[in-house]
Amino acid sequence: MNIRAQITVDGNEAAAYVAHQVNEVIAIYPITPSSPMGEWADQWSSTGQPNIWGSVPSVIEMQSEGGAAGAVHGALQAGTLTTTFTSSQGLLLMIPNMYKIAGELTPTVFHIAARAIAGQGLSIFGDHQDVMAVRATGFALLASHSVQAVMDMALIAQAAALESRIPFGHFFDGFRTSHEVAKIEQLTTDDMRAMIDDELVRAHRARSLNPDQPVLRGTAQNPDVYFQARETVNKFYDDCPAIVQGAMNRFAALTGRQYRLFDYFGADDAERVIVLMGSSALAAEECVEALAARGEKVGVVNVHLFRPFAAKVFVDTLPRTVKSIAVLDRTKEPGSAGEPLYMDVISALVETGTFGAHRPPSAAPKRGTSEQSAAPEASPLCASYFESMPRVIGGRYGLASKEFTPAMVAAVFAELEKTEPRNHFVVGINDDLTHRSLDVDPAFTTEDPEAVRAVFYGLGADGTVGANKNSIKIIGEDTDNYAQGYFVYDSKKSGAMTISHLRFGRKPIRASYLIQQASFVACHQFSFLERVDVLHLAEPGAVFLLNSPFGPAEVWEHLPRAAQEQIIAKKLRFYVIDGYRVAKENGMGGRINTVMQTCFFALSGALPREEAIAAIKQAIAKTYGKRGDAIVQKNYAAVDQALANLHPVEVPAYATSEIERQPFAPPEAPEFVQRVLAPMMAGEGDSLPVSALPIDGTYPTGTARWEKRNLAQDIPVWEEEICIQCGKCVMVCPHAVIRAKVCAPELLAGAPPALKSSAARWKDREHLRYLLQVAPEDCTSCGLCVQVCPAKSKTEVKKKAINMAPQAPLREQERENWDFFLDLPEFDRQALALHNVKDIQLLQPLFEFPGACAGCGETPYIKLLTQLFGDRAVIANATGCSSIYGGNLPTTPYTVNRDGRGPAWSNSLFEDNAEFGLGMRVSLDKQAEYARELVRRFSAQIGDELARSLLNADQSTEAGIEAQRRWVADLQWKLGSEPDPELRDLKALAGALVAKSVWMVGGDGWAYDIGYGGLDHVFASGRNVNVLVLDTEVYSNTGGQMSKSTPRAAVAKFAAAGKHAAKKDLAMMAMTYGTVYVAHVALGANDTHTLKSFLEAEAYPGPSMIIAYSHCIAHGYDLVHGLEQQKAAVQTAYWPLFRYNPALAAAGRNPFQLDSRPASLPLEKYVYNEGRYTMLAQSAPEAAALLLTEAQQDVVTRWKLYEHWANMPDPAPIGPPSNGPEPISALKSALNSPADGAQFQGAQK
Amino acid sequence: MIDLSTYYLGRKLASPLVASSSPLCKDLANLRKMEEAGAGAVVLHSLFEEQILLESESLDRFLNAGTDSYPESASYFPDLATYDIGPRAYLEHIRAAKKALKIPVIASLNGATLGGWVRYAGQMEDAGADALELNIYFLPASFDISGAQIEDDYCELMHAVKSHVRIPVAVKLGPFFTSVPHLACRLEREGAGALVLFNRFYQPDFDLETLEATPNLKLSTSDELRLRLHAVALLSSRLELDLAITGGVHTGDDAVKGILAGAHVVMLTSALLKHGIPHLREVMTGLVRWMEQHEYDSVSQMRGAMNAGAVAEPEVFQRANYLKVLGSYDLRGAGAFTGRS
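Set out below in structure tokens:
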């Protein structure tokens, strides 16, 4: 008997579950939000789970989505059933192969978590822009609207693809469906066996490339036959819809769930109909049901098969009575006559509809039954009869996961009722620019009053989301309730707020939108109350659970007034628990998840209390059992203690608090910050009108300083008496929250009383004062500064020159100090020794307060870049962590100095960053060249001396650059309002005469994998660009997938058994050009070496690359030890420090300088400090031991090679290679560098 | 023919030389080498309950770090099928050692909680260990716990483990007790089958450059034998339980001394780490040579021949001896003891 389990999973897992079982090869590349599908498939294969034919699918991670599509194409050609998973830009990269796969009539299913496309800005969130971009490829496109449908359609698509020979894109809404956790019925292996016809599989294999029966595919065709050949496939597309419907019908017979190409829901005599696809269909159904209950004649068509578009079936689906139709597209096609689905609906009506002739409605097939025609030719001739052509309007909604609610559906129905409804409207936003938005009644709701609707506000680190995922599984799988969980995150990597939306109840849940009215609100962080209105969703009589350090008797007086008023007005049932205390007492540290989860169950009544506790404990054993009994036991203890500490609060009759909510941006912030960014910070960005936003994605820099996040429990406190002013803390701070200044003592007159300073410890500057100041509200408490501090108290060695202390008592005082400190003048750059770490601390960072992880290993390098070159830097940033913390709204960390200069930054894509940066270089060089031409041409008008200065400026020093800036200013002043067009050009281009520093910044995923081809081309170009590879050895941003930088023996996603291949030696590959400056650095091991490498890279007038060791949360240890790990990496010779400077070769010297010592530690002393290695040793000790031996051998081999190279005698001077830099400047750079690296070896210990 | 056999923890051993608990014992090949080199028994490296706890907590911490807080990455690591947190690998090692060796295999346990001691002791017995060595490694750092309380805890622990397992149980002690003989008697009453004297505690050093305390352990030297000889010579005259000397046994002469003092076995760790496992054979050769030279037929004949009950001047083990030493030092002009320089 085929018994199906009820499971609680998200859409990604549902799709992957089927895909893994009905395929043999899976080629993937991670991209949000589809990455988990590949991860599931890999995990199942790595644990030996077979497909329905009893064989374990081969999963291969590729270097890009283009690569994945190519591999899929090849695997299909060679005769296996093959699939892939992707989203957004990834799907776009697959397009060329998609045309090929479809053109060759090759069955496959691509599972797509549909996502927005980067245009004016990148978005990881859901809409249909990616799917719409592939609608011309010849792929069939099948949409799923719910998690259940995802599992079902994944199978239907596979069956239909095999039968029709047409490849399918099976898509569902990114995040909304891919990440929604819902209770569904799980298909069984028997279901899949029943749906997949092995004869069709064999037919697929029979068509494959096989030397025993060779064929040739992929010919080049000439004008004589290409066109005809393209038309050969028409019948396959004509037949496809009926095949899909047939598969749907077979599926219905198996499972009882009947899908149709177009599912209609609503009144048989509906006059107004909405057409849409994806998860929004559920919100529309809810609305239709509510309106129908009021007697309104409305309906909705849920489009499943979008391509091939079965026009006649679609028209047959419509009630004969329809008078107006609104087609909603979750995409935007600028400049089109209308969005794709809208255009299809109109052409379908025009092509297949009959209007005006009379025919009784009873003759039409009854909608919503199996009588509905499956194929166009099966439709009754009269089926498409309408009294008149319905009015059709189109609208856009839901881009990038913009909420789409029943209230918005109601607004569309209301519009359809108007005599002149607005066409090409938008719904869900306020378009005050071109006035296309519909008004929405916020009071309209279809929430099921019987269902429990719970909203939880938590912090990323407190485990709230994990606990809620757990809760929804318990409710879904241990009770008869239907259950749904959806999780909203903010875009910061540290201190991120999470909002969980959980629904459960007796009725199936269709709500494909966030909870509008909550019957339960939990706030897991007391500090949120200061800024966030956590109670706005609470319905009258709801439960409010607060994690509070204050007990039931004291908490009231600590609430902001607005919260008190809402609690009273809505008659909320208010409970508190000191979750942190309970967690701490039970060994849980800051993880309050189990405590708060227990309280939720106790208050929500989802299960009887005893059953709930048993279920939570069972879930704990399941989740944590593998991690050891101690973890399970302390979680059990937390459960038991939670209930004893949960208290109701007696709510007074009146609000008495004088605490007001804090504004998100202070009054002194610029107007744009106040008007646009502050609402985003407050979580109210949805309310911003169209007119508020820049038209081309251009944003001001320097805005992160206005977003005070107050994340730190503890902040560094300076002990000026102990401090030796080395500047190391300033150097390593990932968030630029520790700054140093040196200033004249008189400038400190009027300083806040608590401001500290000491005599400057610089030769000839002893009369000045040194200040080390912390930004108390921007610190993330990572502790790296304390860890790196070398100065200790003479009498109490644990006390360093910088120590952590609780932030709260210091906040006000240090805020005042910080503001005063910022107003002090910056030190004169030209007077600093830039090769000296001590002096670097006095350079203003032009990168501050990024939303990176606390203790991030990448950001100190970027900060250093901006300190050194930021005022003339143009940065091309590959997509990844650095583009997210570097450019994610609302606020961005790149900033400006007092002159208004700072890095100009842009992110194009993931794959093209090297080319993008190269384009910037070429452009800037061209502008400079043209400007020089103009200077020469007009030297008489400009003045010969000024012209000579401009043309011959030596910009190799700070002073030289400053001089050139002055000459440029003189030139622009002289040109004044010169009417001559060429002189006007010169004035506009004069700035290009100041040397610009072009940087390409990205992670190893970019440099080693997806962007390597472009990077290689940049090396070969010989152009003066700098590449900064922030090497975390893994795809950090998408969750730790293996890259070619991942070292042997480390565990990563797609390398669950430990990576078996050695890390790619990107540095060596670049060095083989002989014309590329390469530095291999680790700030934690040798900051002087890092600094020198940056200076040399910039000075070298050809391509330069710095590969920077970046410790990362994906390495599996507390990042406070990141710098020590960097040191260990160098001491084991795993991460040798070296520089390759082609300019030295030009001067007749060995260009390769090994700057670190031979290994003084075995590799295991480094690797076994990190979870990515130890987890393998714990899970597969023998394999780990073998891999460790091999990894150690890698280190030895690489070191020997490097050592040999470094010890090679100096070659004779041969001059630079032909495409290398100009000899004079290169030599100058070379001669500024020590040849033997001795100074670094000394500093390395 | 000289009879080297001895009895320890209820088993007859072919030799009184035992390879003591050390990292060498983690490797099965090393255990085989120890047997080949003449070890009468092996004590496996210790299973540290605290380490299990730490590993478990650190695994939990890093698997949790950063999870479910950022939309692009709900996790950072694959979910592996198992993590070998806990004693499984150790128990497997006992099984493998039992299979590979003919000599007795003594498991060593360093617990952290009473529950842990008892649980893991039972599991070790089930895995086939011939005996257990309780490696009680308690460093008294609290100002609130008295010496008597600590001794009570040792006895309670011994009682609890002994009530849970049938195999013999030895206790490895540190030297820092107010009265080792009194504690030894109590432990014997609680069922201890042997005492292993003495544990060598890690002693942090000071790094004068970084001003950090650095935990490390130097390998022992023969000089450290004396403390053990003293204790064993005292105890063996009165107690029925077995005695083992660990710490300071490097040469055949060291072994001879230990046995003469009354040890049933002498254990080697530092010597093997320093010179390699084959060094056992050299120690053995030295022992045999001495026995031959001094016409001893068997180890049992030797054992305790110089304990406090057997020597002509038992006061050498008592205070009188101390005075004598001071005097001799003074005569040699070692002024530090007397204030003279």
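Residue numbers (the working numbering), protein chains in the order written: chain Y, 379 to 1623; chain C, 2 to 342.
From the three backbone atoms N, C-alpha and C, an ideal C-beta is built for every residue, glycine too.
Since the model is a prediction, treat every value here as computed from it, not as a measurement.
Span separating the alpha-carbon of residue i from that of residue j
i: Pro754 of chain Y; j: Val693 of chain Y; result: Low confidence applies here, because Pro754 of chain Y scores a pLDDT of 41, under 50, leaving its location unreliable; read the following figure in that light. About 10 Å.
i: Glu649 of chain Y; j: Ser702 of chain Y; result: 6 Å
i: Glu988 of chain Y; j: Ile994 of chain Y; result: 10 Å
i: Lys1119 of chain Y; j: Leu1126 of chain Y; result: 12 Å
i: Tyr91 of chain C; j: Arg959 of chain Y; result: 36 Å
i: Ser872 of chain Y; j: Gly838 of chain Y; result: 8 Å
i: Leu1188 of chain Y; j: Gly547 of chain Y; result: 56 Å
i: Gly1321 of chain Y; j: Glu1307 of chain Y; result: 19 Å
i: Ile852 of chain Y; j: Ser878 of chain Y; result: 16 Å
i: Ser378 of chain Y; j: Ala393 of chain Y; result: Because residue 378 of chain Y is not part of the residues shown, which for chain Y are 379 to 1623, the question remains open.
i: Gly854 of chain Y; j: Phe1288 of chain Y; result: 38 Å
i: Asp445 of chain Y; j: Lys796 of chain Y; result: According to the sequence as given, residue 445 of chain Y is Gly; it is not Asp. Each residue's alpha carbon lies about 51 Å from the other.
i: Ser556 of chain Y; j: Phe550 of chain Y; result: 7 Å
Beta-carbon gap between residue i and residue j smaller than 8 Å
i: Ile1467 of chain Y; j: Asp1533 of chain Y; result: Going by the sequence as given, residue 1467 of chain Y is His instead of Ile. Cβ atoms of His1467 of chain Y and Asp1533 of chain Y: closer than 8 Å.
i: Ala75 of chain C; j: Leu115 of chain C; result: no
i: Thr1567 of chain Y; j: Leu1539 of chain Y; result: no
i: Ala1506 of chain Y; j: Lys1543 of chain Y; result: yes
i: Val579 of chain Y; j: Leu540 of chain Y; result: yes
i: Ala1016 of chain Y; j: Ala961 of chain Y; result: yes
i: Gln1245 of chain Y; j: Gln1208 of chain Y; result: no
i: Glu134 of chain C; j: Ser164 of chain C; result: no
i: Gln862 of chain Y; j: Val559 of chain Y; result: yes
i: Ala704 of chain Y; j: Gly773 of chain Y; result: yes
i: Leu174 of chain C; j: Ile146 of chain C; result: no
Identity of the residues DSSP links to residue i by a beta bridge
i: Asn111 of chain C; result: C:Phe49
i: Ala453 of chain Y; result: Looking at the DSSP assignment, Ala453 of chain Y forms no beta bridge with any residue, so it has no partner.
i: Thr215 of chain C; result: C:Asp206
i: His321 of chain Y; result: No answer is possible for residue 321 of chain Y: the residues shown for chain Y start at 379 and end at 1623.
i: Ala42 of chain C; result: C:Val19
i: His1458 of chain Y; result: Y:Ile1485, Y:Phe1516
i: Met531 of chain Y; result: Bridge partners of Met531 of chain Y: none, in fact.
i: Met1182 of chain Y; result: Y:Pro1094
Inter-residue CB distance, residue i and residue j (contact presumed, cutoff 8 Å)
i: Ala405 of chain Y; j: Thr462 of chain Y; result: 5 Å
i: Arg909 of chain Y; j: Arg1083 of chain Y; result: The Cβ separation is near 17 Å, so there is no contact.
i: Pro1168 of chain Y; j: Lys1106 of chain Y; result: 7 Å
i: Gly552 of chain Y; j: Gly504 of chain Y; result: 3 Å
Check whether the segment 769-787 of chain Y touches the segment 655-667 of chain Y, counting contact only when three or more Cβ pairs, one atom from each stretch, lie closer than 8 Å. yes
Does the contact criterion of 3 or more C-beta pairs under 8 Å hold for the segment 886-899 of chain Y versus the segment 965-976 of chain Y? Verdict: no, contact absent.
Give a yes or no on contact between the segment 1309-1327 of chain Y and the segment 1366-1385 of chain Y, applying the rule of three or more CB pairs nearer than 8 Å. yes
Does the contact criterion of 3 or more C-beta pairs under 8 Å hold for the segment 1409-1428 of chain Y versus the segment 1375-1390 of chain Y? The way I'd put it, the segment 1409-1428 of chain Y does touch the segment 1375-1390 of chain Y; three or more beta-carbon pairs between them come closer than 8 Å.
So, does the segment 702-721 of chain Y touch the segment 670-677 of chain Y, judging by three or more C-beta pairs under 8 Å? no
Is it true that the segment 1545-1564 of chain Y meets the segment 1464-1484 of chain Y, where meeting means three or more beta-carbon pairs spaced less than 8 Å apart? no
Three or more C-beta pairs below 8 Å linking the segment 194-204 of chain C and the segment 231-242 of chain C: yes
Kindly confirm or deny that the segment 1387-1402 of chain Y and the segment 1443-1456 of chain Y touch, where touching means at least three C-beta pairs closer than 8 Å. yes
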